[in-house]
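Undergrad:
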Amino acid sequence: MRSVASSYAGRMRPIATLDGTVNDEQKPLELILARNLLSSISTPGFLVDEHNELVFYNDAAAELLGKRFEEVGRLPAEEWSAMFGPFDDGGEPIPVEELPLVVALRHNRPSYARLHVHSLNDERHEIEVAALPLVANAGGFRGALAIFWPIHDGEGTAA
Amino acid sequence: MKIKIWGARGSIPSPGPETLRYGGNTSCVQVTLSDGTIIVLDAGTGIRSLGLALAGPVPRINILLTHLHLDHIQGLMFFAPAFRPQSEMSIWGPEAPEASLRDRIARYISAPLSPVEIRELPCDVRFMDAPHVEWDIGPARIRAASVTHRGPTLGYRITEGDTSLCYIPDHEPALGTTLGDLDRAWISGYDLACGASLLIHDCQYTDGEYPDHVGWGHSRMTDALMFAHRVEAERLLLFHHDPLHTDDFLDVLHGSAMTGWDALGGDSACLEMGAERREIELAPAQAR
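One line per chain: the protein sequences are C and G, in this order. Heads up, the first sequence is in numbering that gives the first Met the number 0, so the first residue is 0 and it goes up one at a time. Heads up, the second sequence is in numbering that gives the first Met the number 0, so the first residue is 0 and it goes up one at a time.
1. Which residue spans inside the stretch 33-112 of chain G form an unbroken beta strand (DSSP E) run of at least 3?
2. Thinking just about the alpha-carbon of each residue, which of G:Phe126, G:Thr158, G:Glu119, G:Val124 is nearest to the one in Gly137 (chain G)?
3. With 8 Å as the limit, tell me which residues of the stretch 157-189 of chain G have their beta carbon closer than that to any beta carbon of chain C; keep them in chain order.
4. For chain G, find out if any of its Cβ atoms is closer than 8 Å to the Cβ of Arg141 (chain C); answer yes or no.
5. Would Leu74 (chain C) and Thr147 (chain G) qualify as a contact pair, given that the criterion is a beta-carbon distance under 8 Å?
6. Can you name the residues of chain G whose CB is closer than 7 Å to the CB of Ser39 (chain C)?
7. Please determine, among C:Asp48, C:Gly139, C:Asn136, C:Trp79, the residue with the shortest C-alpha to C-alpha distance to His117 (chain C).
8. Roughly how many angstroms lie between the CA atoms of Gly19 (chain C) and Ile62 (chain G), to the nearest whole one?
9. Residue range of the beta strand (DSSP E) that Trp79 (chain C) falls in?
10. Answer yes if the stretch 39-52 of chain G comes into contact with the stretch 1-9 of chain G, meaning at least three C-beta pairs across the two stretches below 8 Å, and no otherwise.
11. Give the secondary structure of Pro210 (chain G) by DSSP, where H, G and I count as helix, E and B as strand, and everything else as coil.
12. In its own chain, which residues sit with a C-beta less than 7 Å from the C-beta of Pro13 (chain C), not counting the 5 before and 5 after it?
13. For Ala232 (chain G) versus Leu191 (chain G), is the C-beta distance shorter than 8 Å?
14. Measuring alpha carbon to alpha carbon, tell me which residue in G:Gly154, G:Gly160, G:Ala143, G:Glu87 is nearest Phe126 (chain G).
15. Interface residues of chain C around Thr147 (chain G) at Cβ under 9 Å?
16. Given a cut-off of 8 Å, decide if Ile117 (chain G) and Arg103 (chain G) are closer than it, judged by their beta-carbon atoms.
17. Is it buried or exposed, Lys1 (chain G), if we count other Cβ atoms within 10 angstroms and call 16 or more buried?
18. So Ala137 (chain C) contacts chain G; which residues on that side make the cut at Cβ distance below 9 Å?
19. Tell me the rounded alpha-carbon separation between Asp201 (chain G) and Glu97 (chain C).
20. Return no unless some Cβ of chain G is closer than 8 Å to the Cβ of Glu49 (chain C).
21. Enumerate in chain order the residues of its own chain whose CB-to-CB distance from Thr221 (chain G) is below 7 Å, with the five nearest sequence positions on each side excluded.
22. From the DSSP output, which residues share a beta bridge with Pro92 (chain C)?
23. Just verifying my parser: in three-state terms, what is the DSSP assignment at Arg141 (chain C)?
24. Would you mind reading off the limits of the alpha helix (DSSP H) that contains Val230 (chain G)?
25. Alpha carbon to alpha carbon, what distance is there between Gly273 (chain G) and His239 (chain G)?
26. So which residues on chain G does Glu97 (chain C) lean against when the C-beta distance must stay under 8 Å?
27. Tell me which same chain residues have a C-beta within less than 6 Å of the C-beta of Arg142 (chain G), skipping the five on either side of it?
28. Touch check for the stretch 44-57 of chain C and the stretch 161-176 of chain G: three-plus C-beta pairs under 8 Å?
29. Cβ atoms of Cys27 (chain G) and Phe305 (chain G): under 8 Å apart, would you say?
30. Grouping DSSP H, G and I as helix and E and B as strand, with all else coil, what is Glu70 (chain C)?
31. Can the beta-carbon of Val101 (chain C) be found closer than 8 Å to that of Ala76 (chain C)?
32. Within this structure, are the beta carbons of Glu29 (chain C) and Ala135 (chain C) separated by less than 8 Å?
33. Can you check whether the CB of His66 (chain G) is closer than 8 Å to the CB of Pro151 (chain G)?
34. Could you check what DSSP says for His106 (chain C) in three-state terms: helix, strand or coil?
35. Thinking Ala61 (chain C) and Thr42 (chain C) are a contact (beta carbons under 8 Å), I'd like their distance in whole angstroms, please.
36. When the cut-off is 8 Å and only beta carbons count, does Ala15 (chain C) lie next to chain G?
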């Protein structure tokens, strides 16, 4: 349990109690719906919460990343980014703050990138990533959702 | 805490000889707290009869709206206390980005849908977004949380002492997932309903009807039961009956529900179908 004031100073739909605590367990509805959507599609997708913690990716993403989410579990941004090592065409690591999910979350705007990841079974994939922030009806960030797509040899950059 | 059902129907009023026992009025539940404070859950057409029952002077009436679909607000314009100058009403509901709660309700209580405008109501009425933190009404603590339905929709939990009522009349928690093996943190409404003394929950569809209504924001019977099982509700009242479901049909559905509840390890005596005018008293834990 954390202080309401420190972590949900924005327009947070409850789960907060009068004694100033908030339940960390229950996910906000917007994340629940996003996860349910990702669970229902075969487009690879990745979900982070408002603290930039990885909270879910679907089975289609697991095929690219090499492990199912249940095997990896929740991870802070520094860990999930390092684990999949997004890097550019030159093989240089892409700073966390430039990753589409992080841009979506920190700057409240959609973001796109073409980058490389290495899977947990040591395969490399070039992917396109589009991320968007999840903003609740009543305002306030709930997290960000990223859809990514593998680029196969010979495919050009999407327009 | 005393509870009285004034409307258990969903979608649209469905009066007629085939709905006499369970009733045809839409969602409205009266909660009377130990000090006499009245809380009204939703203002479907059932609230008209409640208003007539509140004939004498009454303390401030607190109305908690889960959402603004017509079957949950249609009775407001026919709620007798709203037309008494001495009445005091507080109305809470979900916030939405495009307009205040008052302005959104005024879309219904205004021309051409209504002969009366909100500003013409003689009572003292206040409209408020449901707070983001718990708040008190009389001796009860109220919690509101967003739940899976179409549009901004809340469920409510009313706690007085160690007794709690959770009310989620419109809810499709199994949309895009299965509740049986889902981590509880990812179940819509879980915290709200966890361990409730009584859970009043959506059960609009049979399992056979549900595939044609996926995404409409309502539960099939097995999902309602599984939700109640997962949150470990002490008692379950199935609610928001489909307007096509006659009394005889609901009797059969009740039988199926008891079988399903029993299979989940529940006590069938703790499961019932919402029926108009049904009264339930929730006793403190030590008396249960």
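Heads up, the beta-carbon is just placed ideally off N, CA and C, and yes, glycines get one too.
TA: Quick answer:
1. 37-40, 60-63, 87-92
2. G:Thr158
3. Leu174, Gly175, Thr176, Arg183, Ala184, Trp185, Ile186, Ser187, Tyr189
4. no
5. no
6. Gly175
7. C:Trp79
8. Per-residue confidence for Gly19 (chain C) stands at a pLDDT of 46, beneath the threshold of 50, marking its modelled position as unreliable; no derived number is given.
9. Note, Trp79 (chain C): premise wrong, no beta strand (DSSP E); alpha helix (DSSP H) at 76-83.
10. yes
11. helix
12. Because Pro13 (chain C) sits at a pLDDT of 38, beneath the cut-off of 50, its placement in the model cannot be relied upon, and the point is left open.
13. no
14. G:Glu87
15. Leu28, Ile31, Leu32, Asn35
16. no
17. exposed
18. Pro93, Glu94, Ala95, Pro96, Asp128, His131, Ser145, Pro151
19. 44 Å
20. no
21. Asp206, Gly259
22. C:Phe86
23. strand
24. 220-230
25. 8 Å
26. Going along chain G, no residue has its Cβ under 8 Å from Glu97 (chain C), so there is no contact; the nearest lies around 29 Å.
27. Glu133, Arg156
28. no
29. No answer is possible for residue 305 (chain G): the residues shown for chain G start at 0 and end at 287.
30. helix
31. yes
32. yes
33. yes
34. helix
35. The pair is not a contact, with the Cβ atoms about 13 Å apart (cut-off 8 Å).
36. The predicted model places Ala15 (chain C) with a pLDDT of 47, which falls under 50 and marks its position as unreliable; any figure quoted below should be read in that light. It does: the Cβ of Ala15 (chain C) has a partner Cβ on chain G nearer than 8 Å.
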